[in-house]
Structure formats: structure tokens, C-alpha cells
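One gets our numbering by counting positions in the sequence shown from 1 and adding 3 to each.
Here a beta-carbon is modelled for each residue, glycine too, at the ideal position from N, C-alpha and C.
Note that the structure is a prediction, hence the values are computed from the model and not measured.
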Amino acid sequence: MYSLSPFTCARLQRLPKQPVVWEGDRRPISEGMLDAFGYDGGGSDDDADEASDCIIWVDGTEGVLRAVTIIPADTGHEAVVRTLLQAMEHPQGAMPPGRPQKLVVCDREIHFFLRGALQDLDITVDYAEVLPIIDEIFESLQQPDDLAESPLPPDWEAALNQQAQQLWDNAPWNHLGDDQILQIELNQWNLGTLYVSVLGMAGLEYGLLIYRSLDSLTQFRKTATESNLTTRQMQQAFLSQDCLFLNFELVRDETAAPLLPLPWMQTAPSEVIPEFGSLHPLEGLRHTLELEEAAALRVCLEGLNRFFKAHDEALSVADFPDLVNTYKLRNPLDKAQLTVKISTCPDITAQLAIAEGLGERDASLPSFDLPRFRDDYVPEGSMVLLTRLPNQVLDGVRQPRSDRSRGKSNASEMMPVVAIQTSRPKAKKLASQLEAAQGIEAVCFNPGSDPMSGDTLQLGLLHTGDGDFHLFIEFLMQDAHDSGLLTQWQNWCEASNGVCGVMIASGVTGAAKGRPGPKETVAFFETCLKTPEELNIPPLQMSYALDWE
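#1: Keeping to the same chain, check which residues put their C-beta closer than 6 angstroms to that of R69; ignore five residues upstream and five downstream.
#2: Residues in its own chain within less than 6 angstroms of V71 by CB, not counting five upstream and five downstream?
#3: Relative to the alpha-carbon of L202, which residue among S216, S219 and D182 has its alpha-carbon at the smallest distance?
#4: Check whether the Cβ atoms of C496 and P419 lie closer than 8 angstroms to each other.
#5: As an exercise, report each continuous beta strand (DSSP E) stretch of at least 3 residues that is fully enclosed by the region 267-344, in chain order.
#6: Between the C-alpha atoms of E523 and S499, what's the straight-line distance to the nearest angstrom?
#7: Let me check understanding here. Comparing Cα to Cα, which of K432, F311 and L220 lies closest to P284?
#8: Just reading off the alpha helix (DSSP H) that P157 is part of, what are its end residues?
#9: Can you tell me which of F251, A174, L212 and F223 puts its alpha carbon nearest to the alpha carbon of L185?
#10: If contacts are defined as beta-carbon pairs under 8 angstroms, then M386 and V525 qualify, I think. What distance do you get, rounded to the angstrom?
#11: When burial is assigned at 16 or more other CB atoms within 10 Å of the CB, is L265 buried or exposed?
#12: Kindly list the residues whose CB is nearer than 6 angstroms to the CB of L336, restricted to its own chain and excluding five residues on each side of it in sequence; keep chain order.
#13: Mind checking whether P450 and P349 have CB atoms under 8 angstroms apart?
#14: Should L389 be listed as close to the ligand GDP, given that the test is whether its C-beta is under 7 angstroms from any heavy atom?
#15: Alpha carbon to alpha carbon, what distance is there between I423 and L397?
#16: Between the Cα of P135 and the Cα atoms of L479, D315, D471 and W25, which residue gives the shortest distance?
#17: Per DSSP, which residues does V505 bridge with? Please list them.
#18: What does the alpha-carbon distance come out to for the pair I140 and D56?
#19: So, is N250 buried or exposed, given that buried needs 16 or more other C-beta atoms within 10 angstroms?
#20: On the DSSP letters alone, give me the boundaries of the alpha helix (DSSP H) that T86 sits inside.
#21: Taking the C-alpha atoms as reference points, what is the distance between E187 and L300?
#22: Under a Cβ-count criterion, where at least 16 other Cβ atoms within 10 Å of its own Cβ denotes burial, should T342 be classed as buried or exposed?
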């Protein structure tokens, strides 16, 4: 049997000894429990069939989870000690390092193994037949999602779904990033002030995280933005959150619609299914809500929907505004009136940016001033086409403006055009957004990379007059079709002396789908093609929202 080296013991003995009792155990886990931990095995398909064990160490005195590890079932008990050392020196969440006064386990082999391995650490190792906290954690993880029955009355589920549908229609992710925090002063059901992070601007996951404390929000964001984190560490950080959540599952008929390059460019989903639940450091992920939790979510969603509807225009500006509203809402439990105050938190958003090291990282970058890159203008379900049309056809849709590129091309020539085709209401909104952004100064294709897949990309960007860049298409350069389309369009631009146009069109679901013309044109911007060097922008790297489902 191994024992810890004198050097390791000396290092651990320097940790403060706390008057607490920790519970620990190692248990086999099913595939469904792996999903609950967000664990995909990290290996081949054959590896997915291998049995796995889960090791957990919990501070039973403080009621917090300190470390979780998933291992192959044939791994020795040394892994239990490794996870224990992680719980001491690098606990998850915001807990400080430290040693417990006592450990309690319910497995005789592990009890014997730990007594030998830890004999020089002055830590008592006891045996107990039952470990209540760990039993509760594993019992919750063993409940398959599809068998979990909601304890909520049917009319409550309908009310929650109705508020979720209103949130989907309000689409706050069109304006807010996940770092632009809102605050809800609820003061009901043992919940004081809640902090809301909106998911969806990246187009990969849509919904809300409603944190029960500011500490939980800041700790998770701090951990999630650390460099060189392993997938396992990210999973543990995810499970350490303390929040209620609403996620939207998007159901699409992929056989009936073309596959478009970016997630947020896909056709509109055929169905949107809201999913509610809770995350807690000791409990993990739970998809069922108690009545008080559901009441809190109903009130929060109703208030947020009113807030987003009232401030849709104000929230669309570049700077995160300082807004506050107070609403009189009905308590769904006793029908009494309650007051909810909702506000934006520019100060917290700025503090998060500092805490996440954005200022320090920017200081280490080259001296050029990085502009804002956005991907929230092109509506979901749009088609993006690189085409060309005769100049005389476009004469009727050109907007009168003195453009420095005008006059370089002959009227009989064909003009290269970026056509963004969507529904008429969305086309009108996009056109107004581009007008508010002072029009389109240039079209650019900029090198990019996807760190997750290793793909080399060319990213289509619209440079607006306010200095922002808006992503409208992504070409995979390893794909012969993609690279051929881009080369052809750039050759057309070369033939027109760089002059090109951007057409915002309707008719994505009609007979003109994929072939918009003057009749479908809502707005047309005459502009020019520029190189990244001319616009002083560096190569870009794609980033992704966390998706643990």
C-alpha cells in the first residue's frame, strides 16, 4: 500500500486544519449520471461503453461539495486519495484550501486504504454505514430525466410555458450578452436579490441563468474564463453554480431546410421547448421545480418580460444603459400583490470585465484598437447569398447617398451583392438597425479559426459607420464549395473595382426564396470590398457559449 511522501505531507500540513467532518465515497454511475455531470468520456465511442465510477468529497459540516472526479471503474483506490487532495488544496467553488479534522466513509476497503495512506496527516478516518449527504446527491443523479415527474399542477406548467414563450418572443439575447447583468429584487420565498445572465447572443444556447447570489455568478465567471482549464474542471465549475435556469430546446426539421454555415443562421425551429430547473453545488443539475421555486420563476419571468418589452430600444444601444423599473405583480401562491424591482447593472458588468482580466489582457495585445465584433444583427432563419445583379436593375433600389465608391464601375456592369433574405418584419428591423449604425462602410472577409475543430475560416463582416463589425457568414476554407463561392465573389468584386452592394430582402419563405429581386428588397446599401489590412483588424478566433446539455 502506498503512503504519501514526506514532502506531500509537509505541504498538506501547512494547510489550516478546520474543525469539520468530510464525507467521501466512490460509487458506480450510469450513463444518465454521466450526462448529469456533463461528462462525455473524452474518448472514442468504444470508451463510452466502459463502466465509470464517481468519487465525491463533501464538507458535511458546512454543507458544500469540495471535489468530484469521474474515473474508469477499474481504477484503484489511489484515485480516492487524489480527489481528497484536490478537495484540500484546490476545492471547487469559492471555498478556501484546508484540512478536515475527520473523514467518514462507508466502504471498508476505502476506510482501510485511507487510514494507511493518510497516517502521517493527523486526520481521523472513521467508518459509517450511511452517508446521508452523499446518498442524497447520488439519489438525485440516478433519477432519469425522462422519468422525473413534475410536482407542479398543470396550470402552473402552462403559466411557466406562457411566460417562457413571451421571453422567446422578446428575444433579449438580440441585445444582451451573458456578461450584461440584470438585478431582480424579489425578497420572497427565501430569495432576496437575484442576478440574471442572458444566454443566446452566441447563437448556441438560449435562455436565462438566475443566480441566487452575486458570489455564485462572479465565481463561476471567474473560473470559466481561466486559461488552460480541463473539460473536467469546467464541468465541476458548472455544477458549482447556484441558480435557477430556463433553457430553450430548439427542434428543427433538418431534412426540410438547407444547412447554413452558422448556428444562428439556421432556419427557424419548428418547435421551441422551454426547460426549467435548478443548479446547486450540493445537488447538481435538477430539472424539476418545487412550488416555491416555480413561483419565483413565474414572477421573475413576468417582470423580465415587461422590462424587456419596455426597454427593447434602449437595450439595443452599444453602451449598457442604467435602467430600473418597479412592477406590482400577483403572488401565484396566495394571489396577494407583491413588488418586484428590476434593473440593469452596468457597474457589476464593468466589475466582471475587470475581474475576468479583460483590461489586463487588452494591455498585452498589440497596439491597434480592437473594434466590437457582433453576431446579433442577422436574424435567425435568414439566407445569406453571394450573388451579382445588373447595375440597371439595382438603380431602382439604391439609396441616394454620396458614396466614395460610386462612379468606379460602368452602369452596364454586374454588381456583386451580399443578399440577406429573411421575413419582411425582420428585414425591416435589420435595415433600421444598419441605418442606426450609420450604414455599411465596407464588406470584408477576414481570416478566422475554430479552436475546437481546428478549421480555417473566412468570416464575412459588415463594417458599419459606427465602427462595429457584424458577422454575416462563415466559409470553411477546407470545403471546396465554400472556397469556390468566395473566390468567385471576390473575382466579381475585382472586376467591378471593389464596388459591391448589400441587399436586405424579404421572401425567405415565398416563391422568391434564394432569388431576391427589387420587389423583395427592403434596403440596399452600395459599398465596397475592403481587405482586413485596410480596416486594421487582426485574424479572429471563434468562441462558444458553454453548452452542458
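Taking the definition as stated:
#1: Your numbering for residue 69 matches position 66 in the sequence shown. Listed in chain order, the non-local C-beta contacts of R69 below 6 angstroms within the same chain comprise W60, D62, A90 and P94, local neighbours out to five positions each way being set aside.
#2: Taking the first residue of the sequence shown as position 1, residue 71 is located at position 68. Take V71, set aside five residues on each side of it, and the residues of its chain with a beta-carbon closer than 6 angstroms to its own are I59 and Q239, in chain order.
#3: Counting from 1 along the sequence shown, the entry for residue 202 is found at position 199. When only C-alpha atoms are compared, the closest one is D182.
#4: For the purposes of this step, residue 496 is taken as residue 493 along the sequence shown, with counting starting at 1. For the purposes of this step, residue 419 is taken as residue 416 along the sequence shown, with counting starting at 1. Here C496 is near P419, since their CB atoms are less than 8 angstroms apart.
#5: Within the region 267-344, the complete beta strand (DSSP E) segments at least 3 residues long are 274-283, 287-289 and 327-333, listed from N- to C-terminus.
#6: Here residue 523 refers to the residue found at position 520 of the sequence shown. Here residue 499 refers to the residue found at position 496 of the sequence shown. Cα to Cα, the separation comes out at about 24 angstroms.
#7: Residue 284 sits at position 281 when you count from the first residue of the sequence shown. When each option's Cα is compared against that of P284, the closest is L220.
#8: Position 154 of the sequence shown, counting from 1, holds the residue named residue 157. P157 to N173 is the span of the alpha helix (DSSP H), which, as asked, contains P157.
#9: Position 182 of the sequence shown, counted from the first residue, corresponds to residue 185. Comparing Cα positions, the closest option is L212.
#10: Walking along the sequence shown from the start, residue 386 turns up at place 383. Walking along the sequence shown from the start, residue 525 turns up at place 522. Rounded, the Cβ-Cβ distance is 14 angstroms, inconsistent with contact.
#11: Start at 1 with the first residue of the sequence shown, and residue 265 comes out as number 262. A caution first: L265 carries a pLDDT of 44, below 50, which makes its placement in the model too unreliable to give a value.
#12: For the purposes of this step, residue 336 is identified with residue 333 of the sequence shown, where counting begins at 1. Non-local C-beta neighbours of L336 in its own chain, meaning closer than 6 angstroms and more than five positions away in sequence, comprise A298, ordered along the chain.
#13: Position 447 of the sequence shown, counting from 1, holds the residue named residue 450. Position 346 of the sequence shown, counting from 1, holds the residue named residue 349. No, they are not a contact pair.
#14: Annotation note on the ligand GDP: not contained in the displayed structure, which lists no ligands.
#15: Along the sequence shown, read from residue 1 onward, the residue named residue 397 stands at position 394. Along the sequence shown, read from residue 1 onward, the residue named residue 423 stands at position 420. The alpha-carbon atoms of L397 and I423 are separated by roughly 15 angstroms.
#16: Numbered from its first residue, the sequence shown carries residue 135 at position 132. Comparing Cα positions, the closest option is W25.
#17: Position 502 of the sequence shown, counted from the start, is the residue given in the question as residue 505. According to DSSP, V505 bridges with V421 and F528.
#18: Here residue 140 is taken as the residue at index 137 of the sequence shown, counted from 1. Here residue 56 is taken as the residue at index 53 of the sequence shown, counted from 1. One C-alpha to the other measures close to 14 angstroms.
#19: Here residue 250 corresponds to residue number 247 of the sequence shown, with the count starting at 1. By the neighbour-count rule (16 or more Cβ atoms within 10 Å), N250 is buried.
#20: The count along the sequence shown starts at 1 and reaches residue 86 at position 83. Bounds of the alpha helix (DSSP H) holding T86 are E81 to E92.
#21: Taking the sequence shown and counting its residues from 1, one reaches residue 187 at position 184. Taking the sequence shown and counting its residues from 1, one reaches residue 300 at position 297. Before going on, a small fix: residue 187 reads as Ile here, not Glu. Distance from the CA atom of I187 to the CA atom of L300, rounded to whole angstroms, is 11 angstroms.
#22: As a first step, residue 342 must be located in the sequence shown, where it is residue number 339. With fewer than 16 other Cβ atoms within 10 Å, it is exposed.
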